[in-house]
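*Asks:*
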Amino acid sequence: PPCPSQAAWCELPSRVLLVLTSQRGVQMYDSDGSTMVFWHALDVPEHPAAHSVFARGISAAGGRFICVGEPRDVGRVLALGWPSPADPPDPTGTSFGAVLVFDIPPKGTNVTLSEVLEQHRDPVTDIAAEQGQAPDGAGDLVTADDSGTLCLWSTGEEFTLLGKIPGSGSSCSSVALWNGIVAAGYGNGQIRLWEAGSGQIRAQVSAHARWIYALDLAPLTGKLLSGAEDSFVHVWKLSRNPDTDDIEIQHCHAECVTDTQVCGARFCDPAGDTFAVTGYDLSEILCYGPA
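1 is the number of the first residue of the sequence shown in UniProt numbering; add one for each residue after it.
1) Can you name, in chain order, every residue of its own chain whose Cβ lies under 7 Å from the Cβ of C3, other than the five neighbours on each side?
2) Looking at C-alpha atoms only, which residue of A134, V182, G137, K107 is the closest neighbour of I127?
3) Would you report the Cα separation of V37 and C151, rounded to the nearest angstrom?
4) Using the beta-carbon count (16 or more within 10 Å), is S283 buried or exposed?
5) Starting from E158 and walking both ways along the beta strand (DSSP E), at which residues does that stretch end?
6) Cα-Cα, which of S59, S239, S168, A218 is closest to F275?
7) Could you tell me the distance, in whole angstroms, from the CA atom of G187 to the CA atom of A228?
8) Just the C-alpha distance for G57 and N110, rounded to the nearest angstrom, thanks.
9) Helix, strand or coil for S114 per DSSP?
10) Take D281 as the anchor and find which of H120, V101, D30, V257 has the nearest alpha-carbon.
11) In angstroms with no decimal places, state the Cα-to-Cα distance between V101 and M28.
12) Taking C-alpha atoms, which residue in R210, L17, A184 lies nearest to K107?
13) Any chance the CB of P106 is under 7 Å from a heavy atom of the ligand ADP?
14) With C-beta atoms as the reference, is S173 less than 8 Å away from S147?
15) Who are K237's beta bridge partners in DSSP?
16) Cβ of A60 within 8 Å of Cβ of E11?
17) Please work out which residues of its chain come closer than 6 Å, Cβ to Cβ, to A184, disregarding the five sequence neighbours upstream and downstream, and give them in chain order.
18) Can you tell me whether Q119 is buried or exposed, with buried defined as 16 or more other CB within 10 angstroms of its CB?
19) I need the boundaries of the beta strand (DSSP E) containing L215, first residue and last residue.
20) Using a Cβ-Cβ cut-off of 6 Å (strictly less than) and excluding sequence neighbours within five positions of I285, which residues of its own chain qualify?
21) Below 7 Å CB to CB, which residues in the same chain sit around T260 once its five sequence neighbours on both sides are set aside?
22) Beta-carbon within less than 8 Å of A271's beta-carbon, same chain only, minus the 5 sequence neighbours each way: which residues are those?
23) Does the Cβ-Cβ distance between K124 and G167 come in under 8 Å?
24) Do V233 and E248 have their CB atoms nearer than 8 Å?
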């Protein structure tokens, strides 16, 4: 069987689904994992052995949708016609990134692929939906890719691209969205905070010495969790200055997971009081909380 590359709980108003991605495709299960609700085969390139191809990025969105990032073969797309002839993918690359939008019924297995978002010129790395209250004019979904480019979307019957934040040479491995603040973690160890409405950068922190693999947000408090290859996990606090409306970030806590390249980190509660961490070649999940 294919090895899962990512797993996520997707909470919709009517149901909760467990979504898995792998080199074979996308699988959706009922919340207890007993019944497979839907299977979508990956659009694998003609020569998959030449490079690793797997879906990345999973998020519930817009109340009834689940979005999943899928790589697409450049040769195939050029043959079919790139969606925007003025901005074709780099023909020297092997794939570009698409975001699959699945329409999820309140019950049953009649899941449909309702839309494919094709704005990324590099493979999609992560997808995040708004976890707080989006300000007027700000998007409620953000997608990231290997070049560091971020796309801001408004969800609905049709997803609308509101803006693009160009990459700056470092891959964006993880994103989060909270109250109109986009938090992005990069391969160079930086965390950058952007305005979801305007796309302007508001803060930049050299948070880690190596590649950041995980970001997570606690929606009740605005705490931000980051985990990286440097063995460290940091807890930050995001806020807006009530006088200037500036976005501020404050360091709250750090943990070193000795001799472990951290590849997964998540809060275990909405307030961000507890979190769980795992790493490469680690067969256990480490949980941290108040003393």
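A virtual CB, placed ideally from N, CA and C, is assigned to each residue, including glycine.
Fair warning: this is a prediction, and the values are worked out from it, not measured in the lab.
*Replies:* Working from what's here:
1) S22
2) V182
3) 29 Å
4) exposed
5) Per DSSP, E158 belongs to no beta strand (DSSP E) and is neither H nor E.
6) A218
7) 9 Å
8) 22 Å
9) strand
10) V257
11) 13 Å
12) L17
13) Judged by which ligands are present, the structure shown has none, so any question about the ligand ADP falls away.
14) no
15) K223, Q250
16) yes
17) C172, V175, R192
18) buried
19) 212-218
20) A276, T278
21) S231, G279, L282
22) A218, L220, T221, K223
23) The amino acid occupying residue 124 in the given sequence is Val; Lys does not appear at that position. Taking 8 Å as the Cβ cut-off, V124 and G167 do not qualify as a contacting pair.
24) no
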